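Chains as they are written, first to last, in our numbering: chain F, 516 to 634; chain B, 3 to 448.
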């Protein structure tokens, strides 16, 4: 299934924030988690993750720290801030509103879930 | 494995060549690439295949570096990079275009001078309209460069036309001081108007407003450099031609205004196309002068506080303090625009705060004296303009000092400091407009 790139872009911020709300992480691990969560359906261009992460940092939603794990290379870890959590909560409200609207208007009784099942 | 390392090194060099991507970003991207390759080889691919797939998954690097440029516009704010690929042909035609607009400004100023009856007379309307002879060409240069549509052209031209009507229909008294204030403030208003085409027909984006601030600073530096070079050229020409009996002053009288008008556009073109040269110079200048100004301001504040001479201020001093606050604000704005927004507080931020705080202290003393004076003698146009500007600057710097204090204690993000400044820019524009449009009728065109 191909997911429209506008939709991919729109869902990127809440996804990343939600992953970081579970605990700090770094670029590659975040991307792997996105792939696992969406069963490979959400195809991100790997490199695009980093400008996004830097934007979240500029907005104060995440903080960063360079660290060298016991075995491995020095890498940058991202941690969510309180502002980031607020932004995530806000995003969640928006997505709930959108999905519930879609749910109501979707053909068939099963709503969004049934439509997803067919696709 | 050897070949994989060299392949990665090659890829790294390629990625690092993008202007908006810095060393840390490259490290981060390389770490990502290595992880991906490791996972892929674990799944059964050879190192070579893993490398190819990992690079492919990383995506089209042109697009990614554009994203980086958009996010870190402070690192380069290059419209050229954002706009596209055919750099060489673009640069050549841009040169011609800039030259045409510069020449047009140079000619316009001479036509205006002839109309004013130069050199025998120098009527007041000439000084009053000076900005209108030059700056429309700069606005048009940007509007063309940014390929604005007709609607945006009209929106851009409207303030020029309205202001031209207003300042020329007002019946100023002879030797009117409101007229002089208009001459002083109109270029500032027009400069804000030019922000509209510069930002590509929008005014809402805070990042683009910061870009315009940055542009203004760079433009100023280039203009000063051109003026210095022009001064040397004129001086040498005068020295060489003097013995031949040519009246050098007469020549200079005509060359100088055209040069000064044309340089407005040329400096803008230089900033646009040669940004990266000065990009390294401007932060250095800020770094150099912010501590010096901080020392000077602290010393003056101490001297005034100790001697208690705060009541001896006269009218001229308020203008000097206005100039001082403008310079401090310029240093703050410029230091801000040249700074990496995500960096944590550094010693420069402290020095900046000290400079701002002592400037505020000094200014409060002046303002107190000034308001007492107005209480005794009443408002005049000059006093109103000076005090008004002072208040506008004061509010800005108090806000800036407050926020940077909180930033240094880790309470707010740097982003919010930037936001304060970019959100405040319209206040300056409104104040300058008020001086041009409202002040003259308020004081009966005195």
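Every residue, glycine too, gets a C-beta built ideally from N, C-alpha and C.
Here the structure is a predicted model, which is why all the values come from computation and not from measurement.
Residues near residue i by beta carbon distance below 6 Å, same chain, minus five either side
i	result
residue 82/B	Any reading at residue 82/B must be qualified, since the residue scores a pLDDT of 39, below 50, and its modelled position is unreliable; no value is offered.
residue 170/B	none
residue 232/B	261
residue 20/B	67
residue 425/B	none
residue 375/B	none
residue 110/B	135
residue 451/B	Because chain B in this structure spans residues 3 to 448, residue 451/B falls outside the shown range and cannot be described.
residue 108/B	260, 263 and 264
residue 582/F	592
residue 9/B	53
residue 407/B	none
residue 339/B	212, 215 and 216
Rounded straight-line distance, which links the Cα of residue j to that of residue i
i	j	result
residue 546/F	residue 420/B	31 Å
residue 102/B	residue 139/B	10 Å
residue 14/B	residue 516/F	33 Å
residue 294/B	residue 173/B	45 Å
residue 159/B	residue 142/B	9 Å
residue 37/B	residue 531/F	19 Å
residue 402/B	residue 100/B	36 Å
residue 331/B	residue 290/B	15 Å
residue 530/B	residue 245/B	With chain B running from 3 to 448 in the structure shown, residue 530/B is simply not present.
residue 526/F	residue 594/F	19 Å
residue 359/B	residue 554/F	56 Å
residue 255/B	residue 133/B	19 Å
residue 120/B	residue 258/B	14 Å
residue 125/B	residue 427/B	33 Å
residue 49/B	residue 43/B	6 Å
residue 148/B	residue 70/B	21 Å
residue 227/B	residue 237/B	15 Å
residue 57/B	residue 34/B	10 Å
residue 534/F	residue 46/B	29 Å
residue 460/B	residue 210/B	Since the displayed chain B opens at 3 and closes at 448, residue 460/B lies outside it and no answer follows.
residue 212/B	residue 550/F	37 Å
residue 346/B	residue 602/F	22 Å
residue 221/B	residue 519/F	43 Å
residue 584/F	residue 610/F	36 Å
residue 458/B	residue 252/B	With chain B covering only 3 through 448, there is no way to say anything about residue 458/B.
residue 250/B	residue 242/B	10 Å
residue 320/B	residue 409/B	31 Å
residue 219/B	residue 296/B	20 Å
residue 620/F	residue 559/F	29 Å
residue 198/B	residue 372/B	36 Å
Neighbourhood of residue i by C-beta distance below 7 Å, restricted to the same chain and skipping five residues each side
i	result
residue 104/B	264, 267 and 268
residue 200/B	144, 214 and 217
residue 190/B	434
residue 17/B	23, 28, 31 and 63
residue 207/B	201
CB of residue i within 8 Å of CB of residue j, strictly
i	j	result
residue 96/B	residue 275/B	yes
residue 566/F	residue 73/B	yes
residue 392/B	residue 327/B	yes
residue 433/B	residue 394/B	yes
residue 430/B	residue 368/B	no
residue 557/F	residue 523/F	yes
residue 154/B	residue 203/B	yes
residue 541/F	residue 588/F	no
residue 573/F	residue 579/F	no
residue 180/B	residue 445/B	yes
residue 388/B	residue 441/B	no
residue 575/F	residue 417/B	yes
residue 362/B	residue 399/B	yes
residue 564/F	residue 577/F	no
residue 537/F	residue 61/B	no
residue 185/B	residue 115/B	no
residue 192/B	residue 150/B	no
Own chain residues within Cβ distance below 8 Å of residue i, not counting five before or after
i	result
residue 292/B	333, 337, 350, 353, 354 and 357
residue 364/B	299, 302, 303, 306, 323 and 326
Identified DSSP bridge partners for residue i
i	result
residue 591/F	581/F
residue 541/F	592/F
Report the residue ranges of all alpha helix (DSSP H) runs contained in full by the segment 230–278 of chain B; include only those spanning at least 4 residues, in chain order.
-> 250–275
May I have a chain-ordered list of the alpha helix (DSSP H) segments no shorter than 4 residues that lie completely inside the segment 302–356 of chain B?
-> 317–339
Which full runs of the beta strand (DSSP E) of 3+ residues lie inside the segment 4–38 of chain B, going along the chain?
-> none
Tell me the start and end of each unbroken alpha helix (DSSP H) in the segment 104–146 of chain B that is at least 4 residues and wholly inside, in chain order.
-> none
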